[in-house]
Amino acid sequence: VHRFNWRPAGGKHIQVAQNIKSYKKNEERQYECNICLKSFKRSHHLESHKKTHTDEKPFSCAFCCKTFRRKHHLNRHMSTVHRQLINRQVTEYADMNAEKGTSENV
Numbered sequence: 001v002h003r004f005n006w007r008p009a010g011g012k013h014i015q016v017a018q019n020i021k022s023y024k025k026n027e028e029r030q031y032e033c034n035i036c037l038k039s040f041k042r043s044h045h046l047e048s049h050k051k052t053h054t055d056e057k058p059f060s061c062a063f064c065c066k067t068f069r070r071k072h073h074l075n076r077h078m079s080t081v082h083r084q085l086i087n088r089q090v091t092e093y094a095d096m097n098a099e100k101g102t103s104e105n106v
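For the sequence shown, UniProt numbering gives the first residue as 1, with consecutive numbering after it.
See below:
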């Protein structure tokens, strides 16, 4: 993936590698942000990136109303900050379903 050119340098030839891979990398990034000129391979990556230039935060926490630009940031927040609340709700839900199941069988 390298192209080699030979160039004279002080009476000697040195090997200069031109990395074609980096050229292709830039060539493949056809979606460019019109604000910061950062480029992306996929259009949805560009759309996700554009949110960094706005105040748009469409994902909000049901417990504390904190908002996030990306869903995985909300998920990380939920699992770290509200883990105990979530575990308690899951346990209560399971207990409620277990009680329903036993009362229906009687």
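Even for Gly, the Cβ is constructed at its ideal location relative to N, Cα and C.
What is the DSSP secondary structure of residue i, counted as helix, strand or coil?
i     : result
Thr54 : coil
Val1  : In this prediction, Val1 has a pLDDT of 49, which is less than 50 and means its spatial position is unreliable; nothing more can be read from the coordinates.
Out of the options, which one is the CA nearest neighbour of residue i?
i     : options                     : result
His82 : Phe40, Lys71, His73, Phe63  : Phe63
Ser48 : Ser39, Arg70, Phe59         : Arg70
Thr54 : Asn97, Gln30, Cys36, Glu99  : Cys36
Lys41 : Gly101, Lys51, Thr52, Glu28 : Glu28
Thr80 : Lys50, Cys33, Cys61         : Cys61
Tell me whether residue i is buried or exposed, calling it buried when 16 or more other Cβ atoms sit within 10 Å of its Cβ.
i     : result
Leu85 : exposed
Per DSSP, which one or two residues make a beta bridge with residue i?
i     : result
Tyr31 : Phe40
Ser60 : Thr67
Which residue marks the beginning of the alpha helix (DSSP H) containing residue i, and which one marks its end?
i     : result
His77 : 71-81
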